[in-house]
Structures are given as C-alpha cells and as structure tokens.
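Peer 1: Everything in the sequence shown is counted per this note's numbering, starting at 366 for the first residue and increasing by one.
C-beta atoms are modelled at their ideal positions from N, C-alpha and C, and glycine is treated no differently.
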Amino acid sequence: MLDPAPFLDLLKSEFESREEVSQPLYKKLQRGIRKAVEEGLINEKDALPSERDLAASLGVSRITVRRAVTGLAESGLLTQKRGAGTFVSPRVEQLLSRLTGFTEDMAKRGMKSDITWLDRSVGTASPHEAEMLNLQTGAKVSRLYRIRSAEGVAMCLEYACLPNNLLPDPNKVDRSLYDYLGKHAGRPVRAKQKIRAELFDMEHAHLLGVQTGSACLYIERQSFLADGTAAEFVRSHYRGDSYDFLAELHL
Ligand code: 16G
C-alpha cells in the first residue's frame with residue numbers, strides 16, 4: 366500500500382521549487398511524479414491517489430491532475446486500469462546471460478503474469494522458420510502467438526514456432542511453454558538472441574495498447590535442447606518503455 370505522505374510532500378516541494386516558475390502546473394506535477402517513481406516512493410503495485418484526492422491535497426484543479434496523469438500514461442510511465450485506478454507501469458530488468466522464460470521471470474519478481482492467446486495452431490514451416498529450426502521446408506510446426514502481460518499491463522507480443530514433434534498439440538500449452546517442454550521434450554539449455562530497435566506499426570501497437578510509432582525492442586530467439594536440437598524460433602515485440610536488458614561484460 367502506498368504511504369501517501371512522502372509522495373505528496375515530494376509533489377508539493379516540486380510546486381514550490383523556484384526553478385522554471387513559468388512552467389505550467391501540470392508539467393511540475395509530471396516532474397514530481399517522475400521523481401517519485403525514480404526514488405521508489407511509488408511502484409507498480411501502488412495505485413496513485415484518486416484525481417479528486419490529488420487535486421484537493423495539492424490545491425490544484427482536477428483538470429491539471431488529469432492533464433498530468435494522461436500525459437504520463439501516454440508516455441508509458443503510468444497505466445490507467447479501468448475501475449482500479451492509475452498505477453506505475455511495470456519496468457523489468459532482464460539479465461541477458463540467463464536463459465529463462467517469461468512466466469518464470471515475472472514470478473521471480475513477484476509479478477503476476479497473464480496471457481492473451483492470439484493463435485495456437487499447427488502448420489507448415491516457412492523457408493526461414495525451417496532454416497532457424499533445422500527442418501526441411503514444409504515440415505510440420507506448431508505455432509503459439511500471444512500477448513504477455515505483467516500486473517495487468519501488456520508487455521510484449523510473442524510469436525513462437527516449434528518443430529511439431531516437440532509440441533504435437535499447441536493447445537496443451539496452458540501458461541508456460543518452458544514448463545511444458547520441461548515435462549516432455551526437455552527445457553532449452555542454450556539460446557541465440559538478436560535484439561534491434563524498431564517502432565511499433567499500427568497492428569502491433571493496437572494489440573499492445575500503445576501508440577503507433579512508439580519505441581519497440583524486436584527480439585528473435587533461437588533455443589536449443591541439451592542434445593543440440595533446435596527447439597523454438599521466437600519473434601517478440603517488447604514495449605521499449607518497459608524493458609532494460611542487462612549484460613555483464615568481462616575482460
Ligand atoms: C521468453 C522468451 C521466449 C520463450 C518464453 C517462454 C525472450 C526474448 N523470449 O519470453 O523465447 O518462448 O519466454 O515463456 O526472452 P513461458 O515459459 O512463460 O511460456
């Protein structure tokens with residue numbers, strides 16, 4: 366639960382700051398909320414005080430509060446959840462040296478993960494998929510396409526393609542693909558990953574509820590089982606404002 370006192374004190378001190386006296390109030394409020402997030406006074410589990418309470422405590426109009434909050438939601442810092450309030454958007458730091466799955470990653474951080482299924486089907490491998498999975502073109506593959514969320518916020522779109530013999534019925538994957546593989550074919554133990562910056566196109570932006578043209582991290586992962594079998598080829602589009610990928614470098 367958010368202790369509102371230090372949070373409100375920080376916002377008040379932003380209003381009183383002498384710098385940029387001419388800056389509109391909603392901008393000062395935005396700066397204060399950003400600072401409160403950076404300093405850990407509010408995190409993704411806490412709902413911000415209501416618009417009415419914030420306006421009353423700070424002595425500003427509700428329009429000012431709404432303008433500040435809407436702007437921060439558009440930039441991705443805050444998430445407005447219908448009926449539940451306004452929250453700090455989850456931000457995830459992921460180590461690039463560990464081969465983990467989404468469900469496991471979120472559970473380790475104490476975050477609740479969710480899936481919206483867009484497709485679970487069996488088909489034939491495209492030439493590129495066949496190459497990535499060391500299969501013959503036209504071989505049978507299983508496909509999983511899903512929106513992955515953390516704490517109710519859509520974080521990424523993930524399209525996975527696997528040799529059909531490793532996953533004969535994609536509908537058997539209920540939540541975690543890596544859990545399923547762990548119980549059947551074996552968990553991937555090695556992966557190659559390619560990351561590049563992109564901008565969200567209209568279709569992907571719509572699915573994630575972000576603005577078309579906002580920052581996206583495009584990731585391709587090719588994973589292998591202990592015996593060297595290529596187990597999955599995954600294309601993911603991550604919200605650029607929600608992920609920090611961390612690599613440790615050695616001499
Ligand atoms: C991660 C992996 C993805 C894997 C999935 C399994 C990246 C870029 N991708 O999202 O390759 O298929 O986890 O997650 O990290 P699951 O076990 O929760 O289904």
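Going by CA-CA distance only, name the one from S440, R456, S382, L373 that's closest to S415.
Peer 2: Among S440, R456, S382, L373, the Cα nearest to that of S415 is on L373.
Peer 1: Quick test of your reading: A519 and S478, contact by CB under 8 Å. State the CB separation rounded to the nearest angstrom.
Peer 2: Not really, about 11 Å apart at Cβ, beyond 8 Å.
Peer 1: How would you label S588, buried or exposed, when you count the other beta carbons within 10 angstroms and need 16 or more for buried?
Peer 2: Label assigned to S588: buried.
Peer 1: Pop quiz: A550 and L590 are said to be a contact at Cβ under 8 Å. What is the actual Cβ separation, rounded to whole angstroms?
Peer 2: With a Cβ gap of about 7 Å, A550 and L590 count as contacting.
Peer 1: In whole angstroms, give me the CA-to-CA distance for L509 and L376.
Peer 2: Using only the alpha carbons, I get a separation of about 45 Å.
Peer 1: Assign K392 to one of three DSSP states: helix, strand, or coil.
Peer 2: In this structure, K392 counts as helix in the three-state DSSP scheme.
Peer 1: Excluding the 5 residues flanking R540 on each side, which residues of the same chain have their C-beta closer than 7 Å to its C-beta?
Peer 2: Result list for R540: T468, I480, in chain order.
Peer 1: Just checking my contact of E381 with R396 at CB under 8 Å: how many whole Å lie between their CB atoms?
Peer 2: Actually they do not touch by this definition, with Cβ atoms about 12 Å apart.
Peer 1: Suppose only complete runs of 4+ residues qualify. What are the alpha helix (DSSP H) ranges in the stretch 428-487, listed by chain order?
Peer 2: You should have 467-473.
Peer 1: Rounded C-beta distance between P553 and S507? I'm assuming under 8 Å.
Peer 2: Not really, about 15 Å apart at Cβ, beyond 8 Å.
Peer 1: Classify I428: buried if its beta carbon has 16 or more other beta carbons within 10 angstroms, exposed otherwise.
Peer 2: Answer is exposed; the Cβ neighbour count stays below 16.
Peer 1: Let me know the secondary structure DSSP gives K410 once reduced to three states.
Peer 2: Looking at K410 - three-state DSSP - the assignment turns out to be coil, as it is neither helix nor strand.
Peer 1: Is the beta carbon of C620 sitting closer than 9 Å to the one on H615?
Peer 2: Lying outside 366 to 616, the shown extent of the chain, residue 620 is not represented and no answer is given.
Peer 1: By the three-class DSSP mapping on this structure, what secondary structure does D539 have?
Peer 2: D539: coil per DSSP, three-state reduction.
Peer 1: On the three-state DSSP scale, how would you describe R552?
Peer 2: Note: R552 maps to coil in three-state DSSP.
Peer 1: List the residues that DSSP assigns as beta-bridge partners of F589.
Peer 2: BP columns for F589 point to R555, A595.
Peer 1: For G466, count the other beta carbons within 10 Å of its own beta carbon; 16 or more makes it buried, fewer makes it exposed. Which is it?
Peer 2: That one is buried.
Peer 1: Is it true that the CB of V457 sits closer than 9 Å to the CB of Y583?
Peer 2: No.
Peer 1: Quick check on this structure: which residue in P371, L572, D566 has the alpha carbon closest to the alpha carbon of G578?
Peer 2: Answer by Cα proximity: D566.
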